[in-house]
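Take a look at the structure below.
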Amino acid sequence: MELVLVFLSAAIVNNFVLAYFLGICPFIGVSGKLSSAFSMGLASTFVMVIAATVTWLIYHMILVPFNLEFLQYVSFILVIASLVQFVEMFIKKVSQPLYRALGIFLPLITTNCAILGLALFSVLREYGFLESIFFGLGAGAGFILALVLIAGIREELDLAEVPAQFKGVPITLIAAGILAMAFMGFSGLISN
Amino acid sequence: METFLIAIATMGGLGFIFAGALALADKKLSVEENPLISRVNEVLPGANCGGCGFAGCYDFATNVVEGKAKVTGCPVGGSECASSVATIMGVDSDGLERMIPRILCLGGYTEAAQKMAGYNGPLSCSAMDLVSGGDKMCFYGCLGGGDCVAACPFNAMIMTSNALPEVIEDLCTGCGMCAKACPRDIIEMHPISREVFVFCKSQDDPKTSKAICAAACIGCSICARKSDGGVVMNNNLAVINYELLEPEKIPFDKCPTNSIRKISIPVN
Chain X
1 MELVLVFLSA AIVNNFVLAY FLGICPFIGV SGKLSSAFSM GLASTFVMVI AATVTWLIYH
61 MILVPFNLEF LQYVSFILVI ASLVQFVEMF IKKVSQPLYR ALGIFLPLIT TNCAILGLAL
121 FSVLREYGFL ESIFFGLGAG AGFILALVLI AGIREELDLA EVPAQFKGVP ITLIAAGILA
181 MAFMGFSGLI SN
Chain L
193 METFLIAIAT MGGLGFIFAG ALALADKKLS VEENPLISRV NEVLPGANCG GCGFAGCYDF
253 ATNVVEGKAK VTGCPVGGSE CASSVATIMG VDSDGLERMI PRILCLGGYT EAAQKMAGYN
313 GPLSCSAMDL VSGGDKMCFY GCLGGGDCVA ACPFNAMIMT SNALPEVIED LCTGCGMCAK
373 ACPRDIIEMH PISREVFVFC KSQDDPKTSK AICAAACIGC SICARKSDGG VVMNNNLAVI
433 NYELLEPEKI PFDKCPTNSI RKISIPVN
């Protein structure tokens, strides 16, 4: 039950993108097309889950026993950067078009604040090993949800009559704001 | 001091493990990319203008290597670029000539002075064309809204005071964006050595075109008569068939409106 709550909290109530405003750049940058938005979400989720697992292990098995907590940022970044590098190789191998569609946003997952945020939150909230993994899963699911929602809206917006002044990024930002407002309805259902 | 050493050992160890894992992954997941693609990509202009019809220079390079695009397909790079691409691909690049846009309308404000209406909308040809065909009496001529000037990625187009665009040939790369932007297809891409053009697109009947524009082709067919098919008449308009054209057979000075012209090509 605890694990489900952690998952739901990260995915919906405290959605990383729409409630914490972490990881906004792919949220705006790769949300033009539903398919690439979903793939970006999957890539990020993969990195999030593995990063949550590995950083938990590193923090609790290596850093804490040796009193090296001050190394948490640099070691977390190392983990995340390696994972992103791996995902990049993998996507390049599996799907060239997807690799080019994601473009610069794929390596940018390295410094995506949603992912470092995830690792740091999990330390801050003193999650256990399983909780950490579910937290990663939930955050990833929430990230996919946010990206897919905004991508769906943007695909509709392409066909809508938008006033010239609002075309493109402005209307996307407005839509994102309204979406975030809608997610406010969930706030407080689960603390943390 | 001890913490210091442990910290270094820890980070070193972690870095070592991850580096090893990535090195392994690189071996397993390496992508066999045709090295020709990046070599072709290097000699391309890199403007990603899309003038070739592909999604950018890299995409064009991929298609060239896969044989789906011609080595001469880059209009911007010109013969120099085409010959380097051809060298990489091991084929001939003969027959490519620099393309340049020719503006086939001479009806500026002075020549086509008669206006059908006043136009007060956005200064854009495509908008003007939508509003009952612009303000000029001629439905075929240049609208003077400057869509071609705006479309040119290389600042090689200017609008003259006579409201006709002009190509700055030194800056022009021949990408053809201006020709695509023109809603009336007045701008055509031609090999730079072509000298003879009919500078009019009007298909109005002789009386109308004579009345509304001093520079119009009025369809008198004087130029077509002795050209042996080099110039044919099509809906009151002289159209040049460049494959049959023999410039010496065209009586340029007989054209009543001087709309068929032989231009001088600067020798460089």
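Sequence order for the protein chains is X and L.
Its first residue numbered 1, the first sequence is counted upward by one per residue in our numbering.
Its first residue numbered 193, the second sequence is counted upward by one per residue in our numbering.
Glycine residues also receive a C-beta, built at the ideal position from the N, C-alpha and C atoms.
Problem - Cutoff 6 Å; reference residue 460 (chain L); Cβ partners in own chain excluding five residues on either side - result: To locate residue 460 (chain L), count along the second sequence from 1; it is residue 268. Legend: pLDDT at residue 460 (chain L) = 49, less than 50; position of this residue unreliable, value from coordinates given subsequently. Contacts found: none.
Handout entry: Presumed contact (8 Å Cβ cut-off) between residue 296 (chain L) and residue 390 (chain L), rounded CB distance
Key = On the second sequence, residue 296 (chain L) is found 104 positions in, with the first residue counted as 1. On the second sequence, residue 390 (chain L) is found 198 positions in, with the first residue counted as 1. Their Cβ separation, rounded to whole angstroms, is 7 Å, which keeps residue 296 (chain L) and residue 390 (chain L) in contact under 8 Å.
Handout entry: Within 7 Å, strictly: CB atoms of residue 346 (chain L) and residue 363 (chain L)
Key = Within the second sequence, residue 346 (chain L) is the residue found at index 154, counting from 1. Within the second sequence, residue 363 (chain L) is the residue found at index 171, counting from 1. Cβ atoms of residue 346 (chain L) and residue 363 (chain L): closer than 7 Å.
Exercise for the section: Count the other CB atoms, across all protein chains shown, that sit within 10 Å of the CB of residue 451 (chain L); report buried if there are 16 or more and exposed otherwise. Expected result: To locate residue 451 (chain L), count along the second sequence from 1; it is residue 259. Result: buried.
Practice task
Consult DSSP for residue 179 (chain X) and reduce its assignment to one of helix, strand or coil.
Solution key: Taking the first sequence and counting its residues from 1, the one referred to as residue 179 (chain X) is at position 179. Three-state DSSP puts residue 179 (chain X) in a helix.
Practice task
Under 9 Å between beta-carbons, which chain L residues line up against residue 80 (chain X)? List them in chain order, please.
Solution key: Here the question's residue 80 (chain X) lines up with position 80 in the first sequence. Those do not exist, as residue 80 (chain X) stays about 10 Å from chain L at its closest Cβ, beyond 9 Å.
Handout entry: Neighbour list for residue 40 (chain X) in chain L, Cβ cutoff strictly below 7 Å
Key = For this step, residue 40 (chain X) is matched to residue 40 along the first sequence. Simply none; closest approach about 19 Å.
Exercise for the section: Would you mind telling me which residues of chain X sit closer than 7 Å to residue 221 (chain L), beta carbon to beta carbon, in chain order? Expected result: Locating residue 221 (chain L) in the second sequence gives position 29, counting from the first residue. What residue 221 (chain L) touches in chain X: 89, 90 and 93.
Practice task
Determine, using beta-carbon pairs with one atom in the stretch 99-112 of chain X and one in the stretch 228-239 of chain L, whether at least three such pairs fall under 8 Å.
Solution key: no
Handout entry: residue 42 (chain X) - DSSP class collapsed to helix/strand/coil
Key = Here residue 42 (chain X) refers to the residue found at position 42 of the first sequence. The answer is helix: DSSP assigns residue 42 (chain X) an H, G or I state.
Practice task
Report the residues of the stretch 16-38 of chain X with a CB closer than 8 Å to any CB of chain L, ordered along the chain.
Solution key: none
Exercise for the section: Would you verify that the beta carbon of residue 77 (chain X) is, or is not, closer than 7 Å to some beta carbon of chain L? Expected result: Counted from its first residue, the first sequence places residue 77 (chain X) at position 77. For residue 77 (chain X), the answer is no, since every Cβ of chain L falls outside 7 Å of its Cβ.
Handout entry: Interface residues of chain X facing residue 329 (chain L) [CB-CB closer than 7 Å]
Key = The count along the second sequence starts at 1 and reaches residue 329 (chain L) at position 137. Per Cβ cutoff of 7 Å: no residues; residue 329 (chain L) is ~31 Å from chain X at best.
Practice task
Could you confirm whether any beta carbon from chain X is found closer than 7 Å to the beta carbon of residue 206 (chain L)?
Solution key: Numbered from its first residue, the second sequence carries residue 206 (chain L) at position 14. Yes, contact with chain X.
Exercise for the section: Report the option in L:402, L:248, L:258 and L:447 whose CA atom is closest to the CA atom of residue 418 (chain L). Expected result: Along the second sequence, read from residue 1 onward, the residue named residue 418 (chain L) stands at position 226. Among L:402, L:248, L:258 and L:447, the Cα nearest to that of residue 418 (chain L) belongs to L:447.
Exercise for the section: Whole angstroms is fine: what's the gap from residue 344 (chain L)'s alpha carbon to residue 432 (chain L)'s? Expected result: What you label residue 344 (chain L) is simply residue 152 of the second sequence in a count that begins at 1. What you label residue 432 (chain L) is simply residue 240 of the second sequence in a count that begins at 1. The straight-line gap from Cα to Cα measures roughly 26 Å.
Practice task
Verify the CB distance criterion: does residue 460 (chain L) have a CB-CB separation below 7 Å to chain X?
Solution key: Walking along the second sequence from the start, residue 460 (chain L) turns up at place 268. Because the pLDDT at residue 460 (chain L) is just 49, under 50, the model does not fix this residue reliably, and the value given afterwards should be weighed accordingly. False, the Cβ-Cβ gap to chain X never drops below 7 Å.
Practice task
Using the Cα positions of residue 107 (chain X) and residue 85 (chain X), report the straight-line distance between them to the nearest angstrom.
Solution key: In the first sequence, counting from the first residue as 1, residue 107 (chain X) sits at position 107. In the first sequence, counting from the first residue as 1, residue 85 (chain X) sits at position 85. Using only the alpha carbons, I get a separation of about 7 Å.
Handout entry: chain L residues whose Cβ lies nearer than 7 Å to that of residue 85 (chain X)
Key = Here residue 85 (chain X) refers to the residue found at position 85 of the first sequence. Within 7 Å Cβ-Cβ: 214.
Practice task
Alpha carbon to alpha carbon, how far is residue 255 (chain L) from residue 282 (chain L)? Give it in angstroms, no decimals.
Solution key: By 1-based counting over the second sequence, the position of residue 282 (chain L) is 90. By 1-based counting over the second sequence, the position of residue 255 (chain L) is 63. For residue 282 (chain L) and residue 255 (chain L), the distance between alpha carbons rounds to 15 Å.
Handout entry: CB contact flag (residue 369 (chain L), residue 357 (chain L), <7 Å)
Key = The count along the second sequence starts at 1 and reaches residue 369 (chain L) at position 177. The count along the second sequence starts at 1 and reaches residue 357 (chain L) at position 165. Result no, Cβ atoms of residue 369 (chain L) and residue 357 (chain L) do not sit closer than 7 Å.
Exercise for the section: For chain L, find out if any of its Cβ atoms is closer than 7 Å to the Cβ of residue 7 (chain X); answer yes or no. Expected result: Position 7 of the first sequence holds residue 7 (chain X). No, no contact with chain L.
Problem - Within 7 Å, strictly: CB atoms of residue 189 (chain X) and residue 13 (chain X) - result: Taking the first sequence and counting its residues from 1, one reaches residue 189 (chain X) at position 189. Taking the first sequence and counting its residues from 1, one reaches residue 13 (chain X) at position 13. Yes, the pair counts as a contact, with Cβ atoms nearer than the cut-off.
Handout entry: Cut-off 8 Å between Cβ atoms - residues of its own chain near residue 195 (chain X), not counting five sequence neighbours on either side
Key = Any question about residue 195 (chain X) goes unanswered here, given that chain X covers just 1 to 192.
Problem - Proximal residues to residue 98 (chain X) (C-beta, below 8 Å), its chain only, five neighbours per side dropped - result: Within the first sequence, numbered from 1, the residue matching residue 98 (chain X) stands at position 98. Within the same chain, residue 98 (chain X) has close Cβ partners 36, 39 and 91.
Handout entry: Length of the line joining the Cα atoms of residue 175 (chain L) and residue 439 (chain L)
Key = Examination of residue 175 (chain L) is not possible in this model, given that chain L is present from 193 through 460 alone.
Exercise for the section: Taking only runs that begin and end inside the stretch 365-443 of chain L, name each unbroken alpha helix (DSSP H) of 4 or more residues, in chain order. Expected result: 369-373, 398-404 and 414-417
Practice task
Out of X:64, X:23 and X:19, state which residue places its alpha-carbon closest to the alpha-carbon of residue 198 (chain L).
Solution key: One-based indexing of the second sequence puts residue 198 (chain L) at position 6. Measuring from the Cα of residue 198 (chain L), the nearest candidate turns out to be X:64.
Exercise for the section: Please confirm whether residue 202 (chain L) and residue 62 (chain X) have their CB atoms less than 7 Å apart. Expected result: Indexing the second sequence from 1 puts residue 202 (chain L) at position 10. Indexing the first sequence from 1 puts residue 62 (chain X) at position 62. Contact flag set, yes.
Exercise for the section: At 7 Å on the CB atoms, spell out the chain L contacts of residue 66 (chain X), in chain order. Expected result: Walking along the first sequence from the start, residue 66 (chain X) turns up at place 66. Simply 198 and 202.
Exercise for the section: Give a yes or no on whether the minimum CB-CB distance between residue 210 (chain L) and chain X is below 7 Å. Expected result: Numbered from 1 along the second sequence, position 18 holds the residue referred to as residue 210 (chain L). Chain X, which has a Cβ nearer than 7 Å to the Cβ of residue 210 (chain L), makes this yes.
Exercise for the section: With DSSP collapsed to three states, give me the class of residue 360 (chain L). Expected result: Here residue 360 (chain L) is taken as the residue at index 168 of the second sequence, counted from 1. Looking at residue 360 (chain L) - three-state DSSP - the assignment turns out to be coil, as it is neither helix nor strand.
Handout entry: Buried or exposed (CB count within 10 angstroms, at least 16 for buried), residue 267 (chain L)
Key = As a first step, residue 267 (chain L) is located in the second sequence; it is residue number 75 there, counting from the start. Its Cβ being crowded by 16 or more others within 10 Å, residue 267 (chain L) is buried.
Problem - Beta-carbon proximity of residue 142 (chain X) to residue 52 (chain X), cut-off 7 Å - result: Within the first sequence, residue 142 (chain X) is the residue found at index 142, counting from 1. Within the first sequence, residue 52 (chain X) is the residue found at index 52, counting from 1. Their beta carbons are not under 7 Å apart, which means residue 142 (chain X) does not touch residue 52 (chain X) by this criterion.
Problem - Coarse secondary structure for residue 149 (chain L), derived from DSSP in three states - result: As shown, chain L starts at 193 and ends at 460. That puts residue 149 (chain L) outside it, with no answer to give.
Practice task
Below 7 Å between beta carbons is the criterion; list the residues of the stretch 315-349 of chain L that meet it against any residue of chain X, in chain order.
Solution key: none
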